[in-house]
Every structure is written in C-alpha cells, then in structure tokens.
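Visitor: Taken in sequence, the protein lines are chains A and B. Sequential numbering of the first sequence, starting at 1, is according to our numbering. Sequential numbering of the second sequence, starting at 430, is according to our numbering. If you scroll down you'll find the structure; I have some questions about it.
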Amino acid sequence: MSDQIAFVRHEALQPSPPPASETGLVKWLRENLFSSVFNTFLTILSIYVIFRVLSGLFPWLANGIWDAPSLKACQGILEGASGGCFAVLTERWNQLVFGFKYPSEQYWRPTIAFLLLLVSVAPVLFSKLPRKLLILTGLYPFFGFWLIWGGTIVGPLISLCGFVAAYYVFVQVDKRFSFAVGLLAALVTAILVWSLGGPLKSTFEDFIALEAVPSRDMGGFMLNIILGTVCVSLSLPIGILLALGRQSNMPIIKGICVVFIEFIRGVPLITLLFVANVVLAYFLPPGTNFDLILRVIIMITLFSSAYIAEVIRGGLAALPRGQYEAADSLGLDYAQSMRLIILPQALKISIPGIVNVSVGLFKDTTLVSVISMFDLVGMIRGPIVSSTEWNGIYWELFGFASILFFIICYSISQYSQWLERQLATDNKD
Amino acid sequence: MTMQTDSAAGNFRLSMLISDTRYRSYTFQLVAMILLFASVGYLISNLIFNLQTAGLSISYEFLEEPAGYDINQRLIEYNSQSTHWRASVVGVLNTLLVAVVGCFFATIFGVLAGVLRLSNNWIVAKIMAAYVEIFRNVPVLIWILIINAIFLVSLPQPKAFKARGGNPPEAEMFLDAFAFTGRGIYMPKPVLQTGGMLVLGIFLLSIFVMFAYRRYARSLLYSQGRDLPTFWPSLGILFVPAIVIYFVIAATGELPIVLEYPALKGFNFKGGIWARGSFVALTFALAIYTGAFIAENVRAGILAISKGQTEAAASLGIRPNRIMSLVVLPQALRVIIPPMISNYLNLTKNSSLAIAVGYMDITGTLGGITLNQTGRAIEAILLLMAFYLFISLSISAIMNVYNKSVAIKER
C-alpha cells in the first residue's frame, strides 16, 4: 500500500472504434451480400449474370451505327463486329413517332400539341400549381383537336361554346332547382348550341384553318398517346357513373351496371377491337361513316371505364359506413352527399388503382396494331421491318419501343406513389 | 318550424314520383329501363336493316361446313376437311394449353421473384426489383414479339445441328436432350411401355395418400397437440412406392418408362416433344410478364402480415419453420390468392395476342381464319366473346367460393 492518491478518472473513456469487420463498407458487404453461404452463392451468381448481360450489351451499344441508309450498309460498316444498327431509329424517326401518312410539313402541329398536353396536364397532377392554369386544361381538348386534326377552328370553338353554356346553365339551375333538373337543362342547352352552331362550321370553312388531316393518317407513337389520353380521360367520368350505379340500391340500374362491367371485364380487349373493326358498323344507322380510330376510341373507352368502375367501387366500399350516415344526417341529398362527402374520399383511395388501370390501358393501346392500325408497334411490324432497307432488324426497334413505354409508364407509376404520400392525411408516419 | 310527416300511402299524388324519395327511385329505374330498351332496340333495328340491305342473315350454319385450312398445332384429330366447329375446338384447346402452361410458369417466376425481392441480399433484391419494373412497364405485346424474334433471328435452324463434311456442327444440343432451334424447342418425351401405366397409377395414388397423411398429421396437431413430422414422410410416400415398382418391373424385363430423345433426321428433328416457336414465345412471354405482377402480389401478401404475428407465434414457443407454415402463410395466402387468380385470368385473356405470332388459338381460328373465310363476323365474334366470358365467369365463381371459405370469420 502506498499513500499515493489513487487516480480518479473524471470523464468516461472514449469508446474504442468497432472492429474493422463491423463498420463501414465491410459491414455493409457482410450484412447485405455475404451473410451466409447461400447468400454468398446468390451474390456471386448475380454478379456473374450481370457481368454476362453487360458484356454482351456494352459492345452492342458502344459500336452502334447511328448513320446508315440500310441494314446492309450497316453490316458493311460493322464488318462482322458486334454492334447495334441504330441508324434505323434516326432514319425512320418521323415514321416511328408520327406514322407514315401524316404530312411531313405539318409535324410541328402534333409536336406543339404534345408539349401543350404536358403543360395542361400539369395543374391536374400537381395541386401546388396556380389553380388558374386549370382553365388551360379545360381549353386543351379543343385546341389539341384542332392542332392535330386541322380544319377550321370554328368546329372546336362551337363545341367549346356548347360546354361553357351548358356549365353556366347547370350552375344557375342547380342553385334554384335541383341537381337532376340542372343536368337536364345543361344537356338541352349543349345540344341546342351544337345544332345551331353546326351549320356555321361549313360556312366558315377557311376561318383560321389548318390543313385537315384525316384520322386514318394518324400513326406511330403519336397514335398511342392520342388513344391513351383520350380514352383515359373519357373513361374516368363513365367509370365513376358505373361505380355509383353498381353501388346504388335501385335493382334495375345496379343490374345494368353489373352486367356491363362483368361483360367487358370478361372478354379480352382484342375481341372488342375486332368489334370496332368489323362489327360496330352493322349497329350504326346506314350511311354513318365513323372512321376506325373513332370506333377504336369508343371500344377502348368502354373497356377501360369498366375497369376504372371496379377500382372506384373498391374505393366506395372502403369508406366507413359512418361517412354515408353522416352525410345523410346532415340532410344532404344523394347528389350533394356524393359530390361533397363520398366521392372526394373514395377517389382519393382509388388513385393508385386508377393509375394502374391507366398505365395498363396505355400499354394496351399497342394492341391496335393487331387490327392493322399503324401505331408504334404496328409501324415496326409493318412498314419498317417489311421494307427492303430494314428487313430483318428487330432488337433496335423493339428495344426503342420498350424504352419509350418504360419511361412513360414507370414515371406515371412513380408519380402515383408520390401522390399517395402527398394525400396521406392519417398520422401513419 | 314545420313538422314534416310522411304522407300515408292513401293520399299518393303523381308529383311524388319526382319529389318523394320513396317513389323517386321507381321513376329513375323506369326511365333507365326505357332508355336501355330504346337504345338496344335502335341498335338492333339498325343491325336488321343493315343485314337486309347487305343480303345477310345471322346463322351459325357455317360451323358445320368444312373449314378448308390447316392448323399446325392440334391436340385432337383435325384436318382441312374438318368443320369450322372442329377448328374452333382445336383453337379452344390451344388457348387452354397456353393458359395452363403459362399460369404454371408465371406462378414459379412470380413466387421466386416476390420472395427474392424481400431477400436480405441487396444485389438479388435489386435484380428482382428491376425484373418486376421492367416487365410491368412494357406492353406484353412487345414482349411477345421480342421473344418471338429470338426464335426467328437468334436461334440456329435444325440443319445447323448437323455435322457436314467433317466440320463439327454449328450448334449443339443441350445435354444431348434439348435442342433450341428457330423452329421451336425439341425435348425428350417419356414413353410408357408395358407396366408404365402401373408406375404412373401408383404415383398418382401416392399423391392422394400424401395429402391424406398431411391432413391426418394436421388434425392430430390441432386435436391432441401431437406433432408428427411431415416433410420427410410425405417425400417418402410420394416417391418410394413408384420408384420401387419401377425397379421391380425393370428387373423382370424391359424398362416401364423410357425417354424418347429428339434426333436429327435429314434437316429436321424427329421424335421427342416439339414445342413450336410460336407456342414457346407466347407462353414464355405471358408467363414472365404475368410473373412480374404475381411477384408484386406475393411481396405485398408477405408484407401484409404484421411482424407482431411472427413475434406472437415465437413467444408461444413455435419453431421458425412452423411459424411460416402455421401462422404467416395461411394469412398471407388469403391476401395473395385473389389477385393471383385475377392475374391468371389476365394471362388467359392476353393469350388472345397469339394472333400476333401466328399461334392458332381460338382467336386465330374462330376469330381469324374462319371469320375471314366465311365473313360471319358477328357470329364468330359473339362466339369468341362467349367463350372468354364463360372462362372468366367460371373462374370468378370459383374465386368467390374460395374467398368465402377463407374470409375472416367475424363475430
């Protein structure tokens, strides 16, 4: 024993650094790639697969030829080396995007229409944007139609006037009488305006007119986008009505909606496109000459509205009964309770489903190539692959089409996930 | 303040049909009925008028006439002299073949990818996520065409498998049994010899016995708490009797089941099973596309079972693999199976895209060549729709029964 005063440490020792195998990159690798023998095996296998894919793909992409008049010329330049012949994309770019009949000096019109589409869809997608922009969205269908199909602007203007007048009448009547009377009055007004304005169209044929392009000249990826946007936007209101009808307690209306929805969902889209192609004309009054694209739009809209109706019905069913009862106890009538209480919540729940259906529908627009319409896939399978210059080229074209669809569909589904997070009002983290 | 009283049934006024909520629904339904009948009547009168002007009539007699075209893949006897009806039946069977094989492989791809996507191996999870996203976001028609193009362009023709002039052949068979050619895939075919039926019968019987045993083990577990082993015994019940019989018969004479290998005869393979390029392209594309959707369902189903369930089971002292089979899986399956079946249904409906690769399913025979040859568009398409509708409705009926049986019994 010494009389030395024992040393007393005043602060805690610094913890010694964790062993090298338990920190940083090494730890991450151990936990995520080599945690067990089986995992190590899987990791090595995956790396091998990725290596094989990349080693095949990389030279093909890197040696790619972007400028050649035909497949023969392309192979001549490559001299047997592995490489893609992407020249087909640059040479046939306009055909892939606009189809092969759209007048080439008018390509600026669909391009502008597409850019405007992005602008006018934005306020619908992002609620932070100023609400005034929604006016642009409302105007877009008429302006876009005029840009793509051409003709005089009087036609779209008259139909716009019909809608505006109908809306005005509806608001006025709805305030004084009831929702149903308002709808009826709006319908009458719209029909009145359209039938009065119809003759004006032929009178002012050259008033601010663009070169008219018939529907059968639409093609390429433009056709996919037209079909996708038109059918999704038309099928939303129809789908809501069908869903409400299916949930209603009036047996006849419910029956009609159930039969329609189950019938449409039970048959493949192809058969409906066959109907549009060969059968629908029999059911129309003699002399009416709907063009194919319009008939296809009708059938695809019916198709997707049935699917959207089922999604919205799911949303309606998921609302607690208390919401319906609360609306009733406030003394709201059916139209009011649906508009103010039920549908806003039900639609919010169904957004992911609606987006899924829309993505599926957009992908399904490629099916029109089966009834010999020349959308993106139809252009590839038809005029491009069967041309003498590019006969026998597949991967570059299908790869291009896949990437195009992937970009659009993937970004839409990412958007829907983002929106879901934005709309989550409950307190789940 | 005025009191509102429901007017008695006696003093019913006509205006109550619109203003009284009790009667208004009758008005609406009547209007809907009238509109429906009017529009259907309008369409049908148009149809009748159009048919009369074109000199046509609705008749299914064409089904009795000889079809006059050939179908390259047929599961039943058919030649070009057979009737259109027979051709349609061949098409139906081809559709069902694609649907069944496609669903089988889609389930394998989907379950594998769904489980592996939740794996704690980072690179595997990412690869599976990439698979799911890539296949879900590209149209199935493009996948079918891409895989068909592999057969058209990339795979060697059968004659490339032949050694010529001392040179080794350009292509070789896989394991000497499988040949991947541009015309399709050739693979060995099991052929039953004498006694083969017996082996097969025993095997089928052991499947039943195995399920009976598992049922018995489970009932014992629930009623008495006795825990019989199931994995090894069921494996034994499944394979041992059939293998024993196989070798007993083999010892007495020739083998009861032999494999017939495809062999190169001339410029083509003979023998074995020939899966046509169009069939393989269609089935594989549908399976791998639908598999991506099933993977998402499986993942969602597993994630839907809260961790508390696993922990509660563990705290009761249940072993990990038992937790999976007794607690997690039964609940996860309740979430997984309904969307899985609707994915099967989608696969079946998407199989109508066969027409894009020239596979002769019902859309290719009845909706394709028969329609074009006879010009009976309305009849053929109605029949086509009726077939798909029948399949869809029967599958959803089965699904409803299943949903009822697994629904959580609430008090």
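Ideal Cβ placement from N, Cα and C applies to all residues, glycine included. Since the structure is predicted, the reported quantities are computational estimates derived from the model, not experimental observations.
1) Which same chain residues end up closer than 7 angstroms to Gly701 of chain B when comparing Cβ atoms and leaving out the 5 residues on each side of it in sequence?
2) Using three-state DSSP, classify Arg655 of chain B as helix, strand or coil.
3) Among residues of its own chain, excluding the 5 on either side of Ala346 of chain A, which ones have a beta-carbon nearer than 7 angstroms to its beta-carbon?
4) Among A:Gly155, A:Trp149, A:Val258, A:Ala186, which has the Cα closest to the Cα of Asp217 of chain A?
5) Using the Cβ count rule (16 or more neighbours within 10 Å means buried), how would you classify Phe126 of chain A?
6) Please report the straight-line C-alpha distance between Leu223 of chain A and Glu91 of chain A, rounded to a whole angstrom.
7) Gly431 of chain A touches chain B at which residues, Cβ-Cβ below 7 angstroms?
8) 8 angstroms is my cut-off, CB to CB: does Thr431 of chain B come that close to chain A?
9) So what does DSSP say about Pro767 of chain B, is it helix, strand or coil?
10) So with CB distances below 7 angstroms, who are the chain A contacts of Ser454 of chain B?
11) May I have the straight-line CA-CA distance separating Gly630 of chain B from Ile674 of chain B, to the nearest angstrom?
12) Thinking C-beta only, is Val359 of chain A closer than 8 angstroms to Ile413 of chain A?
13) Step through the CB atoms of chain A and report whether any lies within less than 8 angstroms of the CB of Trp661 of chain B.
14) Sort A:Phe406, A:Gln14, A:Tyr307 by Cα distance to Arg265 of chain A and report the nearest one.
15) When you compare only the Cα positions, how much space is there between Thr411 of chain A and Gly787 of chain B?
16) Pick helix, strand or coil for Asp217 of chain A, following the three-state DSSP scheme.
17) Exposed or buried, Val519 of chain B, counting other C-beta atoms within 10 Å across all chains shown (16 or more means buried)?
18) Ile47 of chain A CB to nearest chain B CB: under 8 angstroms?
19) Using a cut-off of 7 angstroms between C-beta atoms, extract the partners of Gln458 of chain B located in chain A.
20) CA-CA distance, Tyr324 of chain A and Ala309 of chain A?
21) Can you tell me the Cα-Cα spacing of Leu547 of chain B and Ala724 of chain B, whole angstroms?
22) Along the beta strand (DSSP E) that carries Met616 of chain B, what are the first and last residues, could you check?
23) Determine the DSSP secondary structure at Thr152 of chain A, reduced to helix, strand or coil.
24) Short of 7 angstroms in beta carbon distance, which residues of its chain neighbour Thr152 of chain A, apart from the five on each side in sequence? Order them along the chain.
25) Taking all protein chains shown into account, decide if Arg381 of chain A is buried (16 or more other Cβ within 10 angstroms of its Cβ) or exposed.
26) Can Thr288 of chain A and Leu234 of chain A be called in contact, C-beta distance under 8 angstroms?
27) Take Cys376 of chain A as the anchor and find which of A:Ile403, A:Leu192, A:Gly56, A:Gln417 has the nearest alpha-carbon.
28) Identify every residue that forms a DSSP beta bridge with Ala608 of chain B.
29) Which residues bound the beta strand (DSSP E) around Leu33 of chain A?
30) Straight-line CA distance for Leu57 of chain A to Glu396 of chain A?
31) Please compile the residues from chain B whose C-beta is within a distance smaller than 9 angstroms of the C-beta of Thr43 of chain A.
32) Could you tell me the distance, in whole angstroms, from the CA atom of Ala704 of chain B to the CA atom of Ser780 of chain B?
33) Would you say Ile256 of chain A reaches chain B, if we count a Cβ-Cβ gap shorter than 8 angstroms as a contact?
34) Considering only C-alpha positions, which residue in the set B:Glu494, B:Ile765, B:Ala554, B:Ile678 is nearest to Leu621 of chain B?
35) Would the beta-carbon of Pro434 of chain A fall within 8 angstroms of that of Gln95 of chain A?
36) Rounded to the nearest angstrom, what separates Arg30 of chain A and Phe538 of chain B at their Cα positions?
Guide: Inspection of the coordinates gives the following:
1) Leaving aside the five residues that flank Gly701 of chain B on each side, the residues in its chain whose CB is nearer than 7 angstroms to its CB run, in chain order, Tyr615, Met616, Pro617, Lys618, Glu689, Tyr690, Pro691.
2) coil
3) Ile312, Gly315, Leu316, Leu319
4) A:Trp149
5) exposed
6) 20 angstroms
7) Residue 431 of chain A is absent from the structure shown; chain A starts at 1 and stops at 429.
8) Confidence is the limiting factor: at Thr431 of chain B the pLDDT is only 47, short of 50, which leaves the residue's position unreliable, though a coordinate-based value still follows. No, Thr431 of chain B lies away from the interface with chain A (no Cβ there is under 8 angstroms from its Cβ).
9) helix
10) Met250
11) 11 angstroms
12) For clarity, residue 413 of chain A is Ser in the given sequence; the question names Ile instead. Yes. Within cutoff.
13) No - not a single Cβ of chain A is within 8 angstroms of the one on Trp661 of chain B.
14) Selected option, being the one with the closest Cα: A:Tyr307.
15) The question names Thr, but residue 411 of chain A is Ser in the sequence shown. The alpha-carbon atoms of Ser411 of chain A and Gly787 of chain B are separated by roughly 33 angstroms.
16) Asp217 of chain A carries a helical assignment under DSSP once its states are collapsed to helix, strand and coil.
17) buried
18) Proximity of Ile47 of chain A to chain B, defined by a Cβ-Cβ separation below 8 angstroms, is satisfied.
19) Contact annotation for Gln458 of chain B against chain A: Met250, Ile252, Ile253 [CB-CB distance below 7 angstroms, chain order].
20) One C-alpha to the other measures close to 19 angstroms.
21) 10 angstroms
22) 613-616
23) Note: Thr152 of chain A maps to strand in three-state DSSP.
24) Lys201, Phe204, Glu205, Asp206, Phe207, Ile208, Ala209
25) buried
26) The Cβ-Cβ distance between Thr288 of chain A and Leu234 of chain A does not fall below 8 angstroms.
27) Strictly speaking, residue 376 of chain A in this sequence is Leu, with Cys absent from that position. Residue A:Ile403 holds the alpha-carbon nearest to the alpha-carbon of Leu376 of chain A among A:Ile403, A:Leu192, A:Gly56, A:Gln417.
28) B:Tyr615
29) Segment: none, Leu33 of chain A is in no beta strand (DSSP E) and carries neither H nor E.
30) Annotation: Leu57 of chain A to Glu396 of chain A spans about 12 angstroms, alpha carbon to alpha carbon.
31) Asn550, Trp551, Ile552, Val553
32) 16 angstroms
33) yes
34) B:Ile678
35) Look at the range of chain A in this structure, 1 to 429, and you will see that residue 434 of chain A is not part of it.
36) 28 angstroms
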